[in-house]
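Down below is the structure, laid out as structure tokens.
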Amino acid sequence: MPGRTDVARFPEVREPLLNLRSALGRNKRLIPSPFDVPEMPDLPVSTDLADLPDVSEVETVRHFTRLSSLNYGIENGMYPLGSCTMKYNPKIAEAASASLRSVHPADPAAMSHVLECLALLQKYLGEICGMDACSLWPAAGAHGELTGMMVIRRAVDMKGEPRTKVLIPDTAHGTNPASCTIAGFATESIPSGGDGFLTASILKEHLGPDVAALMITNPNTLGIFEREIREIAGLLHDNGSYLYMDGANLNALLGVARPGDMGVDCMHVNLHKTFATPHGGGGPGSGPVLVKSGLARHLPLPLIKEGESGSYTLSWDGPESIGMVHSCLGNVGVCIRALAYILSLGPVGLPEVAQAACINAGYLKSRLSGLYDLPYRTPTLHEFVLSDRLQKENGITTMDIAKSLMDFGFYPPTIYFPLVVQGALMIEPTETEPLEELDRFVNAMEEIAETSRTNPEELHGAPRTTPVSRVDEVWAARNIVLTWSKRES
Amino acid sequence: MSYIAINEQDLRKMLKSIGIAFPQEVFSSIPEELRYDTLLPIDGPLDEESLRRRFAFTPSKAVFAGGGIYRHHIPAVVDSLSSRQEFVTAYTPYQPEVSQGTLQSIFEYQSMMADLTGMDVSNASMYDGATSLAEAALMALRGKGIRRVLVARSMQPSYRRVLKTYLASISDVKVEEIPFEPSTGQIDLTALEGAIAADCAFFIQNPNYFGVIEPMQRVAGIASPRAGFWGITVTEALTLGLFDAPGIYRPDVVIGEAQSFGNPANAGGPLLGFFCTRKEHVRRMPGRIVGLTKDSEGRQAFCLTLATREQHIRREKATSNICTNEGLCALRAAIHLSAMGPEGLREAALQCAAGARHLMALLAAKGIRSLLSGPVFHEFVVPIEEAKRAALDAERIVPGIPITGDYPELENAVLVTVTEMNTMEECRCLAERM
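First to last, the sequence lines map onto chains A and B.
No gaps in the numbering here: position 438 of the first sequence is 518 in this note's numbering, and each next residue is one more.
No gaps in the numbering here: position 69 of the second sequence is 71 in this note's numbering, and each next residue is one more.
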């Protein structure tokens, strides 16, 4: 079997569900009790206590500590999930923003300082992206896409144009078409060219009076820079359509090239990718949306206003805005962390990020492209895509390769995406990986390639060193057990 | 500060392997005319001490603001456990074999939310209560023949705004508001009876934005048999530990904000939207869902499930576009509920209700009475003179949230909230100055 490594080995922990630890009278917590509790006949208090586990504090602590040990995080090792930009999350961003937690959004004095920081982040993101205006309220990347497409929808509607369609290249993230649908657009998938990028001539074939926008990711999910983007933007603008850019892969461009200069009209960025805020096992993220001046009046409410006295307040004055997209101010905590990250790097540090991300990816690609099939020869930036074509001859699939990587102490790359590559392995090491970790990954991939020739059966059984072996996702979808209670469906 | 590990020696080796002479050559595929060759006009680099100073936020001395975001006691274990890097720095659990910690804890969160709401299932989280409401309306509109969305005017204003933003894209759907009784602040049942029909989705918040407890039996008596789809929104999740579970009224969804479970106010976010429904709707439900399963050796395991609803499989036909949600906030809620237990949750809720009544009595003694007479949980609406509010501002005491902008019919009104984080002394101070 593949060699194990000295890091990120999982302890042999099995942790029962929390409700199985419950026993009446275990929890002895003292609740803050500033008030005497009188008879409250107008309060419809239930006769029964809530149906929750009753456990002691030490049981809570052990339960969740053991659960944490079943997880793999960036601090365990490399996390090369393509297009997810799983870079190291600097501790200072967390520490510096700690005092934000006790600020209530309706506390005007405290909020003035918060809004000052948010206004600065809007300005900085505008500079980094070459865009004119920004809204920080979308709570995730897909929320940003949706907000951006609503902005475009509003602009099109206000012009009274019957533009109902959005074009999306076949390399796009699944959220792109889903967001367009919710924003009320029909979508049409268009093929990227044989070299892995969209060409102006392909776009021309699909342009018509009903096209509201093209939604592009740049660099795209193959890691390839969309080199015809200026011509593409020109064609769209001549057609009265907008260019939307999914900023999932902005890490490759930080301080090096600006989407606004490429003709992009509207875009979102993922603070939990490019700007190093932690992903939290599935959020909270943040997906600010940025636009050129022509679309600024449609951005969501509220707007941040700087007063004469240097105090900052919110304004709901935006008659042409799409309206609110979040009950409050989006994921403020994530925004503050991202601002701390930007300030910690400064104007010299940001382009170094993009450069190191591309060097790390380029190095991995140069080391792995003989061992694994490289379906596109076009130069790439911060990520690249391999396929399982060579290993398939021995019956080894991308799934086997991904699961085997876990036994070497790695989180697997993004797999089976983008859809244009069969058996895709999409690898994004990010700038924060040291050379030794990259070499360790290369060694693991070499050994897997070798084992696929000499002993393929071994790989079908992977992973072996993880808390559970290969998980049966089909059983889950057939049986649908979503809670521990008897009510489960 | 830089977080890049590459040194000169590494760089030489890597460039050689790539086959380029200079590091800038990695960008050769970006056309020259699109390069940005100047330094970005941003500050920095800043050292850690400078960053700490820059982000020192100071809350006011006494805060009586709530309105959907509440300051509650959070046991120390919540911060300690939820800050473990294995939880914090992990991605969405696509690879279940190395993500069982996230998956099991979210399964436990789903279980506790389903139990607390009295519904069959919960998803893994939503962005916040407002988007949870909007997604519930979209889910309703995917059902049979629903063309109108009725929403109580006493629903949190920002929720109604977000709902309208989301529904603006669907041209033939109307959003109508059901008024509240001007004297009690409770929903106008006659208006509800007049408006509701099988082509409606109907949403009510309980307790409502004014803190007033709605007559849920009577509302359910109208909504359950007659609405095509209806939902109860809860913005103060703490009430789930005190009142009967809303599921007993047989709504289609119970949705809202669970920030009160272990998540601080955070200046407005991250928050924690929750979404619970009945099992017959599970395949139309938005968002991520964790399910129980087994591994290849038959051992208990968990994974993301019902993925055929989702954007990465269904693309434009997905039930929602949600990818990243509020996973870590849901984890915090699970830890919080475990740490508080059923009795702790109830005691905290009783403290809030008692505190509100205490402050109401102090204000009543000064002749300041609630503008609405309905029974409340821990929030109430009182009039306040502009001059007094300015004076309180200057003293950094926040009496509550001004709501007259959203409800012109309530003059000079402020929504006052008391939780177990306020003290008798704070209440005395506020009452004295009003």
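Using N, Cα and C, we set each Cβ at its ideal position, and we do this for glycine too.
Measure the alpha-carbon distance for residue i versus residue j and round it to whole angstroms.
i: residue 328 of chain A; j: residue 214 of chain A; result: 16 Å
i: residue 233 of chain B; j: residue 162 of chain A; result: 39 Å
i: residue 110 of chain B; j: residue 160 of chain A; result: 28 Å
i: residue 54 of chain B; j: residue 436 of chain A; result: 27 Å
i: residue 383 of chain B; j: residue 3 of chain B; result: 50 Å
i: residue 373 of chain B; j: residue 70 of chain B; result: 20 Å
i: residue 476 of chain A; j: residue 505 of chain A; result: 13 Å
i: residue 202 of chain A; j: residue 379 of chain B; result: 38 Å
i: residue 449 of chain A; j: residue 221 of chain A; result: 31 Å
i: residue 82 of chain A; j: residue 531 of chain A; result: Only weak support exists for where residue 82 of chain A lies, its pLDDT of 34 falling under 50; the value from the coordinates is given anyway. Rounded to whole angstroms, residue 82 of chain A to residue 531 of chain A spans 8 Å at the Cα level.
i: residue 422 of chain B; j: residue 290 of chain B; result: 33 Å
i: residue 85 of chain A; j: residue 243 of chain A; result: Caution is warranted here: a pLDDT of 34 is assigned to residue 85 of chain A, below 50, making its placement in the model unreliable, and no coordinate value can be reported.
i: residue 255 of chain B; j: residue 8 of chain B; result: 52 Å
i: residue 164 of chain B; j: residue 410 of chain A; result: 12 Å
i: residue 140 of chain A; j: residue 306 of chain B; result: 24 Å
i: residue 84 of chain B; j: residue 209 of chain B; result: 29 Å
i: residue 209 of chain A; j: residue 42 of chain B; result: 10 Å
i: residue 317 of chain B; j: residue 308 of chain B; result: 14 Å
i: residue 485 of chain A; j: residue 153 of chain A; result: 15 Å
i: residue 147 of chain A; j: residue 200 of chain A; result: 38 Å
i: residue 99 of chain A; j: residue 495 of chain A; result: 35 Å
i: residue 379 of chain A; j: residue 172 of chain B; result: 19 Å
i: residue 195 of chain B; j: residue 150 of chain B; result: 15 Å
i: residue 501 of chain A; j: residue 467 of chain A; result: 7 Å
i: residue 148 of chain B; j: residue 407 of chain B; result: 31 Å
i: residue 182 of chain B; j: residue 154 of chain B; result: 7 Å
i: residue 241 of chain A; j: residue 23 of chain B; result: 51 Å
Measuring CB to CB, does residue i end up less than 8 Å from residue j?
i: residue 300 of chain A; j: residue 339 of chain A; result: no
i: residue 66 of chain B; j: residue 194 of chain A; result: no
i: residue 528 of chain A; j: residue 539 of chain A; result: yes
i: residue 294 of chain A; j: residue 330 of chain A; result: no
i: residue 114 of chain B; j: residue 336 of chain B; result: yes
i: residue 64 of chain B; j: residue 432 of chain B; result: yes
i: residue 372 of chain A; j: residue 525 of chain A; result: no
i: residue 30 of chain B; j: residue 459 of chain A; result: yes
i: residue 38 of chain B; j: residue 336 of chain A; result: yes
i: residue 474 of chain A; j: residue 536 of chain A; result: yes
i: residue 286 of chain A; j: residue 270 of chain A; result: yes
i: residue 134 of chain A; j: residue 117 of chain B; result: no
i: residue 45 of chain B; j: residue 423 of chain A; result: yes
i: residue 383 of chain A; j: residue 398 of chain A; result: yes
Residue i bridges to which residues according to DSSP?
i: residue 304 of chain B; result: B/294
i: residue 394 of chain A; result: A/384
i: residue 176 of chain B; result: B/150
i: residue 327 of chain A; result: A/349
i: residue 415 of chain B; result: B/385
i: residue 259 of chain B; result: B/275
i: residue 294 of chain A; result: A/247 and A/323
i: residue 467 of chain A; result: A/453 and A/504
Next on the checklist: In chain order, what are the residue ranges of uninterrupted beta strand (DSSP E) at least 3 long that sit wholly in the stretch 485 to 552 of chain A?
Outcome noted: DSSP runs (the beta strand (DSSP E)) wholly in the stretch 485 to 552 of chain A: 504 to 507.
Item to check | Whole runs of the alpha helix (DSSP H) within the stretch 193 to 276 of chain A, excluding any shorter than 4 residues | outcome: Inside the stretch 193 to 276 of chain A, DSSP marks whole alpha helix (DSSP H) runs of 4 or more residues at positions 221 to 238 and 255 to 262, from first to last along the chain.
Item to check | Length at least 4, wholly inside the stretch 198 to 236 of chain B: the alpha helix (DSSP H) runs in chain order | outcome: 218 to 228
Checklist entry - Along the stretch 293 to 309 of chain A, what residues have a CB closer than 8 Å to any CB found in chain B? => result 304, 305, 307 and 309
Checklist entry - Residues in the stretch 27 to 52 of chain B with C-beta within 7 Å of chain A's C-beta atoms, listed in sequence order? => result 28, 29, 30, 31, 32, 33, 36, 37, 38, 41, 42, 43, 44, 45, 46, 47, 48 and 50
Next on the checklist: Against chain B, which members of the stretch 510 to 534 of chain A pass a CB distance test of less than 8 Å?
Outcome noted: 511, 512, 513, 514 and 515
Next on the checklist: Any C-beta of chain B within less than 7 Å: which residues of the stretch 114 to 131 of chain A qualify?
Outcome noted: 114, 115, 116, 117, 118, 120, 122, 123, 124, 125, 126, 129, 130 and 131
Checklist entry - Just by C-beta distance, which residues in the stretch 58 to 70 of chain B are closer than 7 Å to chain A? => result From the stretch 58 to 70 of chain B, only 58, 59, 60, 61, 62, 65, 67, 69 and 70 have a Cβ closer than 7 Å to chain A.
Next on the checklist: At a CB distance below 7 Å, what residues from the stretch 353 to 366 of chain B approach chain A? Give them in sequence order.
Outcome noted: 353, 355, 356, 357, 359 and 360
Next on the checklist: Under 9 Å, CB to CB, which of the residues in the stretch 365 to 389 of chain A have a partner in chain B?
Outcome noted: 365, 366, 367, 380 and 381
Checklist entry - For the stretch 137 to 163 of chain A, which residues have a CB atom closer than 9 Å to at least one CB atom of chain B, in sequence order? => result 137, 139, 140, 141, 143, 144, 145, 146, 147, 148, 149, 150, 151, 152, 153, 154, 155, 156, 159 and 161
Next on the checklist: Output needed in chain order: residues of the stretch 327 to 342 of chain A with a Cβ under 7 Å from some Cβ in chain B.
Outcome noted: 335, 336, 337, 338, 341 and 342
Item to check | Against chain A: residues of the stretch 3 to 19 of chain B by CB proximity under 8 Å | outcome: Hits within the stretch, in order: 3, 4, 5, 6, 7, 8, 12, 13, 15, 16, 17 and 19.
Checklist entry - Which full runs of the alpha helix (DSSP H) of 4+ residues lie inside the stretch 67 to 148 of chain B, going along the chain? => result With a minimum length of 4 residues, the continuous alpha helix (DSSP H) runs that stay inside the stretch 67 to 148 of chain B are 78 to 84, 87 to 90, 102 to 119 and 131 to 143.
Checklist entry - Can you list, in chain order, the residues of the stretch 175 to 194 of chain B whose Cβ is nearer than 9 Å to any Cβ on chain A? => result Answer set for the stretch 175 to 194 of chain B: empty.
Item to check | Short-range partners of chain A found in the stretch 388 to 418 of chain B, where Cβ spacing is below 7 Å | outcome: 395, 398, 400 and 403
Checklist entry - Residue ranges of each alpha helix (DSSP H) run of no fewer than 4 residues wholly in the stretch 393 to 454 of chain A, ordered along the chain? => result 412 to 448
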